[in-house]
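In our numbering, the protein residues as written are -9 to 243.
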């Protein structure tokens, strides 16, 4: 059995090396990017239209009526369908990182109606990451003060999945606006097990559920200890909401 697995493993490594070599040139091609954005956006539209919400799902329009402007947040790997939760006529400014993969995600988000701002850079460029992240937070803070709702992923890429980072807590403190957790779950998903966040790719022709958490505020005078307490509280709230959403679909998430 082990002898049979070795050739398969070598083949996977071979194709992975080849993909790494061609990915950058491909992603630098405007034509290739445009084609990928078109295909992905239309696939996501198919998923949206063929996965009706189950009874008891929340209505995102309610959050906009109650809290505008506010900070929408998702977990990494569960945010791909987020643009479809934007009510007609509402503008949402979403933060994406500067990585090549996130650049494609940002372009798809723009094709589906989001405004975007680029945040931190690659993991190996800590100084640029810090500066990029700080600039993005300031941009989102200005947007909130101007009355625009924003969106930011709660956990930090390539760290611990489903553990809120400090950035979103700091944004809530600076802006004085609430964080509202969003969970949009699907009955049929392909889980990419080898990704750090176990990315879930929703599939067509199933059911979906959308749940919103309670508005989550961070005091403007919060010290480091309170910021950490709020970070842990947000993590717990979002994980509980995620479990509740998948439970309604009769599965674990």
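Quick reminder that beta carbons are idealized off the backbone N, C-alpha and C, glycines included.
These figures come from a predicted structure and were not determined experimentally.
Contacting residues, own chain, Cβ-Cβ under 8 angstroms from residue i (five flanking each side not counted)
| i | result |
| --- | --- |
| residue 94 | 17, 23, 26, 27, 30 |
| residue 81 | 105, 138, 139 |
| residue 215 | none |
| residue 86 | 92, 93, 95, 96, 99, 106, 107, 108, 109 |
| residue 213 | none |
Environment of residue i [buried if 16+ CB atoms lie within 10 Å]
| i | result |
| --- | --- |
| residue 148 | exposed |
| residue 118 | Per-residue confidence for residue 118 stands at a pLDDT of 39, beneath the threshold of 50, marking its modelled position as unreliable; the derived number appears in the next sentence. The residue is exposed, with fewer than 16 neighbouring Cβ atoms inside 10 Å. |
| residue 179 | buried |
| residue 233 | exposed |
| residue 63 | buried |
| residue 65 | buried |
| residue 4 | exposed |
| residue 21 | exposed |
| residue 136 | exposed |
| residue 165 | buried |
Contact set for residue i: own chain, Cβ-Cβ below 7 angstroms, skip 5 residues either direction
| i | result |
| --- | --- |
| residue 98 | 27, 30, 31 |
| residue 231 | 171, 173, 201, 203 |
Cutoff 6 angstroms; reference residue i; Cβ partners in own chain excluding five residues on either side
| i | result |
| --- | --- |
| residue 51 | 77 |
| residue 114 | Confidence in residue 114 is poor, its pLDDT being 41 and thus under 50, which makes the residue's placement too unreliable to answer from. |
| residue 205 | 57, 168, 170 |
| residue 226 | none |
| residue 54 | 77, 80 |
| residue 220 | 159, 208 |
| residue 46 | none |
| residue 40 | 194, 195 |
Pick from the options that is closest to residue i, judged by C-alpha positions
| i | options | result |
| --- | --- | --- |
| residue 42 | 211, 198, 207, 100 | 198 |
| residue 242 | 215, 222, 181 | 181 |
| residue 34 | 168, 107, 221, 101 | 101 |
| residue 195 | 37, 55, 211 | 37 |
| residue 186 | 211, 152, 219 | 152 |
Cβ separation of residue i and residue j, assumed to be a contact under 8 angstroms, to the nearest whole Å
| i | j | result |
| --- | --- | --- |
| residue 163 | residue 107 | With a Cβ gap of about 19 angstroms, residue 163 and residue 107 do not count as contacting. |
| residue 188 | residue 67 | 6 angstroms |
| residue 73 | residue 134 | At roughly 19 angstroms, the Cβ-Cβ gap does not stay under 8 angstroms, so residue 73 and residue 134 are not in contact. |
| residue 160 | residue 142 | Not really, about 11 angstroms apart at Cβ, beyond 8 angstroms. |
| residue 144 | residue 224 | 7 angstroms |
| residue 175 | residue 239 | 6 angstroms |
| residue 192 | residue 61 | With 8 angstroms as the limit, residue 192 and residue 61 do not qualify as a contact, their Cβ atoms being about 24 angstroms apart. |
Inset, instruction - Kindly provide the ranges of any beta strand (DSSP E) runs that are 3 or more residues long and lie completely inside the stretch 140 to 189, ordered along the chain. - result: Within the stretch 140 to 189, the complete beta strand (DSSP E) segments of 3 residues or longer fall at 169 to 176, 179 to 181, listed in chain order.
Inset, instruction - Jot down the residue ranges of each uninterrupted beta strand (DSSP E) in the stretch 37 to 114, minimum 3 residues, whole runs only, in chain order. - result: Correct list: 61 to 63, 82 to 86, 105 to 108.
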